[in-house]
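Chains as they are written, first to last, in numbering that gives the first Met the number 0: chain A, 0 to 92; chain B, 0 to 92; chain C, 0 to 92; chain D, 0 to 92. Even for Gly, the Cβ is constructed at its ideal location relative to N, Cα and C.
Protein chains: 4
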Amino acid sequence: MHGYAARSDELQARLRRIEGQIRGLQRMIEEDRYCIDVLTQISSATKALQGVATTMLDEHVRHCVRDAIDQGAESADEKIEEALEVVHRLIKR
Amino acid sequence: MHGYAARSDELQARLRRIEGQIRGLQRMIEEDRYCIDVLTQISSATKALQGVATTMLDEHVRHCVRDAIDQGAESADEKIEEALEVVHRLIKR
Amino acid sequence: MHGYAARSDELQARLRRIEGQIRGLQRMIEEDRYCIDVLTQISSATKALQGVATTMLDEHVRHCVRDAIDQGAESADEKIEEALEVVHRLIKR
Amino acid sequence: MHGYAARSDELQARLRRIEGQIRGLQRMIEEDRYCIDVLTQISSATKALQGVATTMLDEHVRHCVRDAIDQGAESADEKIEEALEVVHRLIKR
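In structure tokens, the structure reads:
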């Protein structure tokens, strides 16, 4: 079981909504909607996706990384570096 | 017809691929996959979505904004400010 | 004269304030201040710098790019692509 | 002593270089240099500042946060949330 297990229903619901937004974007392009309106919708989907990433990261650090350190696991160093690498990628986008 | 009309097939194909990535994310969570792997997939989808936004913006500026200025349209000022506002939002994420 | 000429005093004042923040950061590290406090100050300086970039870009588009298109300058295409490239860099950070 | 202590000389050198870049920006504006060149220099300074933030965060997590968890410190939860909050701010810019 991973760090996000307790919140997986919520995460699924958020991803389904994002999937709906992406399908909505395809419809907008099909209907030749105004560029700025399409861009506004893309911004909104990107922000929602970023929100899922943030929740995922939070739960990973609060549980997986924390437990590894707490238990003095041999993998603790590796877990910390792995999490930092993900953070770097999220910061740089 | 809007600025992106000539590239709408390509944009649709990219959005379908992103939709697939979002569905893939739901499967990953259902299968309780490792947080870091989920985060890597989210990063990839976000980057792809950002790429669609960039293409959209480029075509909007190259065509819609440019034409408005070129033709001395009364709406030229408005079009410039509207585009800059979208850029600000994309920069701030 | 470039697009930002009318706002150069304001831009200079903002840059001097940012320079002060960077010197403040050096003092904080010298005094071994708490990491989170240093990070908060870095965030603030980064945001201020991003703000200068945004103002600069806005004035460039409102004046330099607009004038090139308006006058049907041969360089209009080049100016548009150059501005978009800068926008891409700002978006990706 | 904080997490970055071992790297404070390096961090100071990087901040001095950034301070120089900010002063360079003021000179560029004084000399009415081309907007795009100024923006390129701002991008470079922002990236350098972001790099200092990343190093700072890494050392904070590797040492301060890790030690708090390792020693079962009462403040461990607080340290984790504090670090995540900073990460959120860096991601959103």
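The criterion of a C-beta distance shorter than 7 Å is not satisfied by C/I79 and B/L89. Secondary structure of B/A75 (DSSP, three-state): helix. Taking a Cβ-Cβ cut-off of 7 Å, the neighbours of A/R65 in chain D comprise I68 and I79, given in sequence order. For D/M55, the uninterrupted alpha helix (DSSP H) segment begins and ends at C34 to E58. When Cβ-Cβ separations below 7 Å define contact, C/V86 makes contact with chain B. In the structure shown, A/D31 adopts coil according to DSSP, grouped into three states. Annotation: the continuous alpha helix (DSSP H) that includes A/A67 extends over R65 to D69. By the C-beta criterion, the segment 24-37 of chain B is judged not to be in contact with the segment 55-66 of chain B, since fewer than 3 inter-stretch pairs fall below 8 Å. With respect to the 7 Å criterion, B/G50 and A/C34 are not classified as neighbours on the basis of their beta carbons.
Fewer than three beta-carbon pairs drawn from the segment 70-79 of chain B and the segment 35-46 of chain C are found closer than 8 Å, and the two stretches are therefore not classed as touching. Put simply, of B/R15, B/Q25 and B/R13 the residue whose alpha carbon is nearest the alpha carbon of A/R16 is B/Q25.
Looking only at A/L38, A/L14 and A/S7, the smallest Cα-Cα distance to B/V86 is reached by A/L38.
Within the same chain, Y3, V51, T54 and M55 come within 8 Å of D/L10 by CB-CB distance, once the 5 residues on both sides are set aside.
With fewer than 16 other CB atoms across the displayed protein chains lying within 10 angstroms of its CB, A/E77 is exposed. The beta carbon of A/L48 sits closer than 7 Å to those of I17, all from its chain and outside the five residues before and after it, given in chain order. Taking every protein chain shown into account, the CB of B/D57 has 16 or more other CB atoms within 10 angstroms, so this residue is buried. Cβ contact annotation for A/I68 (same chain, cutoff 7 Å, sequence separation greater than five): A75, in chain order.
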